[in-house]
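Chains as they are written, first to last, in the working numbering: chain A, 1 to 117; chain B, 118 to 229.
Glycine included, every Cβ here is placed at the ideal spot set by N, Cα and C.
Here the structure comes first, spelled out in structure tokens, and everything after it is commentary.
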Amino acid sequence: AQSVTQPDIHITVSEGASLELRCNYSYGATPYLFWYVQSPGQGLQLLLKYFSGDTLVQGIKGFEAEFKRSQSSFNLRKPSVHWSDAAEYFCAVVPNAGGTSYGKLTFGQGTILTVHP
Amino acid sequence: KAGVTQTPRYLIKTRGQQVTLSCSPISGHRSVSWYQQTPGQGLQFLFEYFSETQRNKGNFPGRFSGRQFSNSRSEMNVSTLELGDSALYLCASSRDSYYGYTFGSGTRLTVV
Numbered sequence: 001a002q003s004v005t006q007p008d009i010h011i012t013v014s015e016g017a018s019l020e021l022r023c024n025y026s027y028g029a030t031p032y033l034f035w036y037v038q039s040p041g042q043g044l045q046l047l048l049k050y051f052s053g054d055t056l057v058q059g060i061k062g063f064e065a066e067f068k069r070s071q072s073s074f075n076l077r078k079p080s081v082h083w084s085d086a087a088e089y090f091c092a093v094v095p096n097a098g099g100t101s102y103g104k105l106t107f108g109q110g111t112i113l114t115v116h117p
Numbered sequence: 118k119a120g121v122t123q124t125p126r127y128l129i130k131t132r133g134q135q136v137t138l139s140c141s142p143i144s145g146h147r148s149v150s151w152y153q154q155t156p157g158q159g160l161q162f163l164f165e166y167f168s169e170t171q172r173n174k175g176n177f178p179g180r181f182s183g184r185q186f187s188n189s190r191s192e193m194n195v196s197t198l199e200l201g202d203s204a205l206y207l208c209a210s211s212r213d214s215y216y217g218y219t220f221g222s223g224t225r226l227t228v229v
């Protein structure tokens, strides 16, 4: 069955430090890949997405992610974290196919990011 | 450009009651998906509608149902509410998977 794993439940970094959030997926073919961010009590905001092509994708708020096919990973990075980045981050996938994949994002369990001043 | 609008933002219902949640997608988006978010189970897919047809469904009991109207607005209904239905219900709209999914702010349902 398709699955998404975010190994880190909680990460704490200092403001200005670099950040990497890990995401691994299990699926036969390369799916569409997404990173979302959620502030408490709010909906999900799309940070970036990967469908094909260049394996390094740029997103909003200074985030980027790198797709590595050999490792089935899609890790999110930011060179310098700001206090406003504190939130929960979700990696999500949807198969690159129709049928049972329609509209069905499969999410990881999320990583809570705490930023220390 | 208006985003995805979900109403109401908060709801408190009693066990055994039923509830209807509403979602207005971004103009031009014909796909609407619904998700349930709880601390224990995370984000789980409920169903997806496209042009008034349900194309996909998650593993939820029949008490959870939905529909989509000709203007792409969608509603989901939960009948015979249980305490475990307390959750944040999120709606997402899309033109198709390639463009990604835009989420609303959600409806927080509390069942007492």
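In summary, A:Lys78 is buried, with 16 or more beta-carbon neighbours lying within 10 Å of its beta-carbon over all protein chains present. Contact holds between the region 108-115 of chain A and the region 85-95 of chain A, because three or more Cβ pairs, one in each stretch, are under 8 Å apart. Contact check between the region 62-79 of chain A and the region 16-28 of chain A: three or more CB pairs, one atom from each, fall below 8 Å, which counts as touching. In the three-state scheme derived from DSSP, where H, G and I count as helix and E and B as strand, A:Lys104 is classed as coil.
Take B:Glu169, set aside five residues on each side of it, and the residues of its chain with a beta-carbon closer than 6 Å to its own are Gln185, in chain order. Taking a cut-off of 8 Å on C-beta distances, the region 61-71 of chain A does not touch the region 125-135 of chain B, as fewer than three cross pairs fall below it. Three or more beta-carbon pairs separated by less than 8 Å are not found between the region 191-204 of chain B and the region 212-222 of chain B, which leaves the two stretches without contact. Fewer than three beta-carbon pairs drawn from the region 27-36 of chain A and the region 6-14 of chain A are found closer than 8 Å, and the two stretches are therefore not classed as touching. Proximity of chain B to A:Leu46 at the Cβ level (cut-off 9 Å) is accounted for by Gly217, Tyr218, Thr219 and Phe220, in chain order. The C-beta separation of B:Leu207 from B:Tyr166 comes to about 15 Å, leaving the pair out of contact by the 8 Å criterion.
Under the 7 Å criterion on CB atoms, B:Gly159 is classed as interfacial with respect to chain A. By the rule that beta-carbons nearer than 7 Å mark a contact, A:Phe67 does not touch chain B. Put simply, the backbone Cα of B:Gly145 is about 19 Å away from that of A:Gln45. Cβ-Cβ separation between B:Ser210 and B:Ser148: approximately 6 Å, consistent with a contact (criterion under 8 Å). Look at B:Leu198 here: in three-state DSSP terms it is coil, with no helix or strand label.
Taking a Cβ-Cβ threshold of 7 Å, the residues of chain A close to B:Ser148 are Gly103, in chain order.
Relative to B:Val121, the option among B:Ile143, B:Val228 and B:Phe162 whose CA is nearest is B:Ile143. Contact check for B:Thr227 against B:Ser203 passes: the beta carbons are separated by less than 7 Å. Around A:Lys61, no beta-carbon contact reaches into chain B at under 9 Å, the shortest distance being about 16 Å. The alpha-carbon separation between B:Gln123 and A:Gly16 amounts to approximately 35 Å.
According to DSSP, residue pairing for B:Gly159 in a beta bridge involves B:Thr155. The beta carbon of A:Phe107 falls within 7 Å of a beta carbon belonging to chain B, placing the residue at that interface.
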